[in-house]
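See below for the structure under consideration.
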Amino acid sequence: MPEPGRTTHDDEGPDGHRSRSDAAVPRAPRSTAGATEVRGAGLLVTFLLGGLTATPQLAMDMYLPSLPKVTASLHAPAAIVQLTLTGCLAGMALGQLLVGPMSDRWGRRRPLLAGLVVYVVATALCAIAPSVAALVAFRLVQGLAGAAGIVIARAVVRDLYEGVAMARFFSTLMLVSGFAPIAAPLIGGQILRLTDWRGVFVVLALTGAALTELVSVKLPETLPVHARHGGGVGEALRGMRTLLADRVFAGYTIAGGFAFAALFAYISASPFVIQEIYGASPQTFSALFGLNAVGLMAVGQINGKVLVGRVDLDKVLAAGLAAATLAGTALLLMSTGALGGTGLVPTAAALFVLVSSMGLTMPTTQALALMRTRRDAGAASALLGMSSFLIAAVVSPLVGIAGEHSAVPMAVVQLVAALVAVAAFVALCRPWSGRAKAEGRNRPGASPATADGPAGHQAHPHSRG
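Numbering (this note's numbering), first residue to last: 27 to 491.
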């Protein structure tokens with residue numbers, strides 16, 4: 027057992043192999059008063075960061091059971107109503123591109139609090155939208171503002187952690203944020219028993235207001251003034267170009283973005299596939315959606331507690347991408363009738379595998395990409411989030427292109443997205459080669475060690491012995 031104040035992790039030896047070792051940690055992240063406050067705040071800060079990363083799930087998942095009712099209420103076809111998801115996703119993509127560099131320039135707290143306030147207002151406006159066009163517009167603003175929580179939460183994690191500790195913490199955040207997909211559709215389904223889809227946005231607005239209050243009181247600044255960009259947002263944007271020029275960073279970013287696209291194809295199409303094609307009730311859909319979220323959360327915890335530190339992170343990512351590809355293949359075969367008549371259970375099982383595989387791919391791609399940089403953590407986080415949400419926003423309308431009574435477009439999008447993610451991982455990251463990791467360690471502004479097991483990584487702020 028490691029002694030108090032020490033964390034066991036994997037170090038990469040000169041021959042490229044990893045060995046188990048105890049590294050002396052922790053040291054105060056950046057030696058700031060804010061980081062000390064985070065250390066003392068403990069579990070509450072973990073839940074706050076998890077709540078911020080859960081913003082997209084809350085904005086999407088509580089609304090999902092009501093999509094067919096929105097279609098009827100606003101007299102709009104399913105493909106147009108799905109643009110309300112696309113608008114929110116596009117906003118989250120563009121918002122992260124703006125907020126990430128801003129947080130590198132002005133710190134984490136001010137952009138975060140401003141974004142949360144606008145998010146609450148936009149969500150309240152969604153509740154009174156008179157038309158589908160207005161709802162799409164309000165959802166766009168909701169996404170733009172909500173992006174602050176997503177991108178800054180990742181940047182805060184990068185402020186505080188290194189290497190394996192960072193990968194583990196991302197898996198811990200998945201435990202917290204993974205609760206949102208479980209609870210949100212169930213709550214959304216029950217809200218629809220009491221009121222219409224507008225009530226869902228009222229609950230979202232109240233939830234956002236509570237989160238804003240907690241963040242304002244309990245989450246201190248984690249990026250000290252001396253670590254910020256002195257040249258303004260323009261310098262941060264130039265840092266983005268440098269990051270994109272890093273082939274391995276780009277590979278992990280693309281792989282993570284298309285893996286998320288496969289997940290979002292499920293998020294966008296499953297209300298119609300489960301309820302319209304298989305005739306399930308909103309409550310049954312919510313239960314299945316929650317079960318899939320349990321799978322994602324459980325696999326994420328297996329990743330963080332068992333695999334990270336014992337298995338090379340590239341191998342973990344490869345396993346997640348392989349599972350998603352196999353599930354996408356099975357869904358396509360079933361939806362086209364190649365396997366004969368299949369009911370809800372086989373389809374739900376394949377979807378469960380696909381969603382659960384994200385417990386391996388999402389935290390691992392984020393950790394591996396962020397290990398490539400320290401100085402531009404906000405910009406790197408923005409690129410990761412922007413690529414994911416922008417790709418998902420593009421694929422969202424595609425899953426409904428054949429109408430409400432075919433699951434083929436969903437399966438096609440999922441399989442193609444998984445295959446593109448695999449191709450990016452293999453062609454750009456080249457996981458079989460140790461050269462990419464050596465290149466990462468030598469890049470200006472990179473972490474002291476960008477491989478899976480850096481020496482001297484910072485400890486979890488709550489693991490104080």
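Glycine included, C-beta positions come from ideal geometry on N, C-alpha and C.
Separation of residue j from residue i, as counted between CA atoms
{"i": "Val438", "j": "Val202", "result": "31 Å"}
{"i": "Leu75", "j": "Val182", "result": "8 Å"}
{"i": "Leu454", "j": "Arg398", "result": "14 Å"}
{"i": "Val167", "j": "Met323", "result": "29 Å"}
{"i": "Thr576", "j": "Val229", "result": "Residue 576 cannot be examined here, being either before or after the span of the chain that is shown, 27 to 491."}
{"i": "Val241", "j": "Thr233", "result": "12 Å"}
{"i": "Arg53", "j": "Val243", "result": "Any reading at Arg53 must be qualified, since the residue scores a pLDDT of 37, below 50, and its modelled position is unreliable; the value itself is stated next. Taking the straight line from one Cα to the other gives about 25 Å."}
{"i": "Ala285", "j": "Ile217", "result": "31 Å"}
{"i": "Ala319", "j": "Ala295", "result": "16 Å"}
{"i": "Glu188", "j": "Ala364", "result": "47 Å"}
{"i": "Leu109", "j": "Val162", "result": "7 Å"}
{"i": "Thr58", "j": "Glu302", "result": "Unreliable positioning characterises Thr58 in this predicted model, as indicated by a pLDDT of 44, which lies under 50. The coordinate reading is nonetheless provided below. If I take the Cα positions, the gap works out to 54 Å."}
{"i": "Leu359", "j": "Ile328", "result": "29 Å"}
{"i": "Asp222", "j": "Pro156", "result": "14 Å"}
{"i": "Cys114", "j": "Leu84", "result": "12 Å"}
{"i": "Phe451", "j": "Ala281", "result": "6 Å"}
{"i": "Arg32", "j": "Leu186", "result": "With a pLDDT of 35 at Arg32, under the threshold of 50, the predicted position of this residue should be treated as unreliable, though the coordinate-derived value follows. Computed Cα separation, rounded: 16 Å."}
{"i": "Lys95", "j": "Val334", "result": "43 Å"}
{"i": "Met16", "j": "Arg131", "result": "In this structure the chain extends from 27 to 491, so residue 16 is not present and cannot be described."}
{"i": "Gly172", "j": "Val337", "result": "34 Å"}
{"i": "Arg400", "j": "Val371", "result": "45 Å"}
{"i": "Val332", "j": "Arg264", "result": "38 Å"}
{"i": "Val146", "j": "Arg184", "result": "26 Å"}
Where the alpha helix (DSSP H) containing residue i begins and where it ends
{"i": "Trp458", "result": "Segment: none, Trp458 is in no alpha helix (DSSP H) and carries neither H nor E."}
{"i": "Glu239", "result": "223–244"}
{"i": "Ile106", "result": "104–107"}
{"i": "Pro137", "result": "135–152"}
{"i": "Gly346", "result": "339–361"}
{"i": "Gly184", "result": "The identity of residue 184 in the sequence shown is Arg, whereas the question assumes Gly. Looking at the DSSP string, the run of the alpha helix (DSSP H) that includes Arg184 is 158–186."}
{"i": "Val251", "result": "Unbroken run through Val251: none, as it is neither H nor E."}
{"i": "Ala98", "result": "93–99"}
{"i": "Leu70", "result": "69–79"}
Residues near residue i in its chain [Cβ-Cβ closer than 7 Å; skip 5 each side]
{"i": "Val494", "result": "Outside the displayed span of the chain (27 to 491) sits residue 494, for which this structure offers no information."}
{"i": "Thr355", "result": "Leu441"}
{"i": "Arg273", "result": "Leu454"}
{"i": "Asn468", "result": "Model confidence at Asn468 stands at a pLDDT of 43, short of 50, so the residue's coordinates are unreliable; what they give is reported in the following sentence. No residues qualify anywhere along the chain."}
Residue i Cβ short of 6 Å to the ligand FMN heavy atom set
{"i": "Ala453", "result": "Although the ligand FMN was asked about, the structure shown includes no ligands whatsoever."}
Same chain, Cβ closer than 6 Å to residue i, five either side skipped, listed in chain order
{"i": "Gly346", "result": "Ser383, Leu386, Thr387"}
{"i": "Ala353", "result": "Ala376, Val379, Leu380"}
{"i": "Gly215", "result": "Pro91, Pro308, Gln309, Ser312"}
{"i": "Gly175", "result": "Leu78, Thr81"}
{"i": "Ser407", "result": "Gly126, Val177, Arg180, Ala181"}
{"i": "Phe196", "result": "Pro389, Gln392, Ala393"}
{"i": "Met412", "result": "Ala119, Gln122, Leu123"}
{"i": "Gly117", "result": "Leu166, Gly169, Leu170"}
{"i": "Thr97", "result": "Ala104, Val107"}
{"i": "Arg129", "result": "A small correction: the amino acid at residue 129 is Ser; Arg does not occupy that position in the sequence shown. Hits under 6 Å: Pro137, Ile178, Ala181, Gly404."}
{"i": "Val446", "result": "Phe284"}
{"i": "Phe290", "result": "Ala418"}
{"i": "Ala306", "result": "Ile300"}
{"i": "Ala160", "result": "none"}
Integer-rounded CB distance, given that residue j should sit under 8 Å from residue i
{"i": "Ala287", "j": "Ala443", "result": "4 Å"}
{"i": "Val251", "j": "Gly404", "result": "No, Val251 and Gly404 are not in contact; Cβ-Cβ is about 15 Å, not under 8 Å."}
{"i": "Ser422", "j": "Thr112", "result": "4 Å"}
{"i": "Thr238", "j": "Gly330", "result": "With 8 Å as the limit, Thr238 and Gly330 do not qualify as a contact, their Cβ atoms being about 28 Å apart."}
{"i": "Ile213", "j": "Val158", "result": "The pair is not a contact, with the Cβ atoms about 23 Å apart (cut-off 8 Å)."}
{"i": "Ala210", "j": "Ala150", "result": "With a Cβ gap of about 18 Å, Ala210 and Ala150 do not count as contacting."}
{"i": "Ala395", "j": "Tyr292", "result": "Between Tyr292 and Ala395 the Cβ distance is about 23 Å, and since that is not below 8 Å, they are no contact."}
{"i": "Gly283", "j": "Ile417", "result": "5 Å"}
{"i": "Arg219", "j": "Ala153", "result": "Actually they do not touch by this definition, with Cβ atoms about 18 Å apart."}
{"i": "Val448", "j": "Thr351", "result": "6 Å"}
{"i": "Leu409", "j": "Leu269", "result": "6 Å"}
{"i": "Val226", "j": "Met88", "result": "5 Å"}
{"i": "Pro297", "j": "Leu93", "result": "5 Å"}
Beta carbon proximity, residue i to chain C, threshold 7 Å
{"i": "Pro94", "result": "The displayed structure is made up of one protein chain only, and chain C is not part of it."}
Nonlocal neighbours in the same chain, by C-beta distance under 8 Å from residue i, ignoring five residues either side
{"i": "Gly133", "result": "Glu247, Leu249, Val251, Arg254"}
{"i": "Leu339", "result": "Ala193, Thr390, Ala393, Leu394, Asp478"}
{"i": "Gly369", "result": "Tyr304"}
{"i": "Leu357", "result": "Thr373, Ala376, Leu377, Leu380, Ala433, Met436, Ala437, Gln440, Leu441"}
- Message: Just to confirm the assignment: which complete beta strand (DSSP E) runs, minimum length 3, are found wholly within the region 399–450?
- Response: Entirely contained in the region 399–450, not one beta strand (DSSP E) run reaches 3 residues.
- Task: Any chance you could list the alpha helix (DSSP H) runs of at least 4 consecutive residues sitting entirely within the region 275–335, in chain order?
- Result: 308–328
- Task: Entirely within the region 365–402 and at least 3 residues each: give me those beta strand (DSSP E) ranges in chain order.
- Result: none
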